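Residue numbers (full-length UniProt numbering): 1 to 59.
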């Protein structure tokens, strides 16, 4: 939901995941992408959320 432009709670959702024990535990090694049985790319989306946190985090 964080990446949904219709979401009005982006800042609150980012606050819930942005700390060293959640979002920043991912070091973008991409093992999750290689192992994903559905062929998704969670590593890329985590990287996108990190970028979003930098831009929206200062709201």
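Think of the CB as a built atom: it goes at the ideal place given N, C-alpha and C, for glycine as much as any other residue. Predicted, not measured: the structure shown is a model, and the values here were computed from it.
Rounded to whole angstroms, what's the CA-CA distance from residue i to residue j? Just pull it up for me.
{"i": "residue 56", "j": "residue 36", "result": "28 Å"}
{"i": "residue 5", "j": "residue 50", "result": "16 Å"}
{"i": "residue 8", "j": "residue 46", "result": "20 Å"}
{"i": "residue 146", "j": "residue 16", "result": "Within the shown structure, residues of the chain are numbered from 1 to 59, placing residue 146 beyond reach of any answer."}
Counting C-beta neighbours from all protein chains within 10 Å, is the total for residue i 16 or more, i.e. buried, or is it exposed?
{"i": "residue 40", "result": "exposed"}
{"i": "residue 53", "result": "buried"}
{"i": "residue 38", "result": "exposed"}
Can you give me the Cβ contacts of residue i inside the same chain, cut-off strictly under 6 Å, excluding the 5 residues immediately before and after it?
{"i": "residue 43", "result": "28, 30, 32 and 33"}
{"i": "residue 94", "result": "This structure gives no information on residue 94, because the portion of the chain shown stretches from 1 to 59."}
Go ahead and pull the three-state DSSP assignment for residue i.
{"i": "residue 38", "result": "coil"}
{"i": "residue 2", "result": "coil"}
For residue i, which residues from the same chain have a beta carbon less than 8 Å from its beta carbon, with the 5 sequence-adjacent residues on both sides left out?
{"i": "residue 14", "result": "2, 49, 52, 53, 56 and 57"}
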